[in-house]
Every structure is written in structure tokens, then in C-alpha cells.
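Numbering (the UniProt record's numbering), first residue to last: 1 to 300. Ideal placement from N, C-alpha and C gives every residue a C-beta, glycine not left out. Take a look at the structure set out below.
Quick look at the structure:
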């Protein structure tokens, strides 16, 4: 029997696409919220994840630049990653493209750009000259960033959005990158300075996992009208930063990093004064009560 006379059920099956299984197994399925309902979608949203990928690339470029001894470019790349990281979440919210995949991807990119990259840049620049203390300080920073991001992910929706618990990893990266950019331009040397850098890097890592509160600026309404003086202050801020970017950015992130511990100490001192004042008031009232009872018991 020829192939032309063979019944349909005896014909050879058509060959399958050898890449079909590969495509099916690697298809990403996301659960997103649309109109208050959870919907399953295939694929990922391009626009916000494109910004996240760009931030990840900037962090990777910072590592490559540091390995090539181009520390100024490495520090600038970290700041560029910071700007791009600030856009991805806002764009996802504006375009209603928030997803669990995007949140996880953003955390992994942040770990590279604001955890690994600043530590490697600082270590390659100066920390390697102080021996074990240098790489220990760098590792404390990396571990602090990882723990900070993990804690942030599990605390979403359960804490006050007005405050960050612990120094945010982009701000910690800004402190380290600002130091590298500024002091590399000024050719800062000396063993004492290198020990100071090890302390700064380790302190930034510890602040990330601390319980110190930092103002998040999330309660500011940038969509509504603002006073003219606010716009003027923003313009002046850009002008000041453009005059000496490395120094101004270091001062900006350094002041923000110090603001948490300083405000915590002020709150503790204020509570201590209130506690001592209440104790003095209670002691005074007790003494007055005792004196009054003594006078009542004394015969005329």
C-alpha cells in the first residue's frame, strides 16, 4: 500500500517543534491585581522591568569599572542605578503594572547595585590595603544590604509608610559611593583614612539592619499643588549639586544617614526629661500630701 492510499490514522505524525517544550516550560505566569481581583497573566511587564534591568546594569558596570581602577565612573554608576531604581516602582504604580515578579526582580537588582557593587568598589579602592579589617567591613555591608532587603520585603504593608526601619540600602550605597567619588578626586591617602573608610562602610551596613527609624518622604504629595518656595528650593538644590556633585551628594546622603541616630537620641533624651519631670511631680505631690496629713493630725 502506497503512502497515498494509506488511511489517515496510519499516516506518520507531523514532527513537533523541538523548541516548543522549551518555550512552554519557561513561560512566566504572574498573579496580578486588577480591579481588586487576582488575575493570572503570562509574560512580564516590559516598562518597569526595563528600568530595573537598567539599574542592574549600572550596578554591574560599577563593579567592572572598579576592577579597572576607574573609581569615579564606578561611583557615578551607583548613583545612576539609584535614579533608575527610583523610577521603576513609580512607573509600575502609574501604569498599573505592579506584580510579584517585579518586586522580587527589583530586590535582586537592588542587592547587586546597592549591596555588592558599593562593597566591591570600596574594597578595590582602599579597603584592601587594611587587610582582614577591609574585607570584613565590606562583607558587613553586603550582609547588611541583604538582610535589609529581606526585612523590607516581609514588612511591606505592616509598618508605617512614613518611616523606614533601618537605613535604606540605596542611601547606604550613596554614602559609600559619595566617599569614593569625593575622596578619590582629592587623592586622599594615608592608613588612618583607610581605617576611617572601613569604619564608614561597616557602620553603613550596621545601620541598614538596625531599628533606627528614617523618614521615608512617602507622605509628601507631589501630585497636588505646592508652594512656590518648594519649587525654588528644588531648583536651588539642583544648582548646588551641579557645582560640586561628589561633595554635595556625599553631604546629602551623609546627613540623611546621621539623621536617624541623631533623632533617636533626641527622642530618648526627650523621654528621659519627661520621665524625670513626672517623677519629680509625683514626688512633690506625695510630699505635699504627707505634709497636709501631718498638719491635719496636729492638735490646735
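Kindly confirm or deny that the stretch 141–155 and the stretch 204–213 touch, where touching means at least three C-beta pairs closer than 8 Å. Cβ pair count under 8 Å is three or more, so yes.
When you compare only the Cα positions, how much space is there between residue 253 and residue 247? Position 253 of the chain shown, counted from the first residue, corresponds to residue 253. Position 247 of the chain shown, counted from the first residue, corresponds to residue 247. If you take the alpha carbons of residue 253 and residue 247, they lie about 10 Å apart.
How many whole angstroms separate the CB atoms of residue 105 and residue 52, which I take to be in contact at a CB cut-off of 8 Å? Counted from its first residue, the chain shown places residue 105 at position 105. Counted from its first residue, the chain shown places residue 52 at position 52. Contact between residue 105 and residue 52 holds, since their C-beta atoms are separated by about 5 Å, short of 8 Å.
Apply the 10 Å Cβ neighbour rule to residue 235 and answer buried if 16 or more other Cβ atoms are within range, or exposed otherwise. Looking up residue 235 in the chain shown gives position 235. Exposed.
By DSSP, does residue 217 sit in helix, in strand, or in coil? On the chain shown, position 217 is the one that residue 217 refers to. Here residue 217 carries a coil assignment [DSSP, helix/strand/coil].
Mind the definition here: the stretch 121–134 touches the stretch 60–75 only if three or more C-beta pairs lie below 8 Å; say whether that holds. Output reads yes: the stretch 60–75 touches the stretch 121–134.
CA-to-CA distance, residue 201 to residue 176, given in whole angstroms: Position 176 of the chain shown, counted from the start, is the residue given in the question as residue 176. Position 201 of the chain shown, counted from the start, is the residue given in the question as residue 201. Near 6 Å, if we compare the C-alpha coordinates of residue 201 and residue 176.
Can you give me the C-alpha to C-alpha distance between residue 250 and residue 258, rounded to a whole angstrom? Start at 1 with the first residue of the chain shown, and residue 250 comes out as number 250. Start at 1 with the first residue of the chain shown, and residue 258 comes out as number 258. Residue 250 and residue 258: Cα-Cα distance of roughly 12 Å.
Among the residues of its own chain, which have a CB less than 7 Å from the CB of residue 129, if the five just before and after it don't count? Start at 1 with the first residue of the chain shown, and residue 129 comes out as number 129. Around residue 129: 194.
Would residue 170 pass as a contact of residue 110 if the rule is Cβ separation under 9 Å? Position 170 of the chain shown, counted from the start, is the residue given in the question as residue 170. Position 110 of the chain shown, counted from the start, is the residue given in the question as residue 110. In this structure, residue 110 lies closer than 9 Å to residue 170 by Cβ.
Using a threshold of 9 Å, state whether the C-beta atoms of residue 112 and residue 59 are closer than that. Here residue 112 corresponds to residue number 112 of the chain shown, with the count starting at 1. Here residue 59 corresponds to residue number 59 of the chain shown, with the count starting at 1. Yes. Within cutoff.
Pairwise C-alpha distance: residue 152 and residue 163: Numbered from its first residue, the chain shown carries residue 163 at position 163. Numbered from its first residue, the chain shown carries residue 152 at position 152. So the two alpha carbons sit approximately 12 Å from each other.
Classify residue 164 as helix, strand or coil using the three-state DSSP reduction. Translated into positions along the chain shown, residue 164 becomes position 164. DSSP, read as helix, strand or coil, puts residue 164 in strand.
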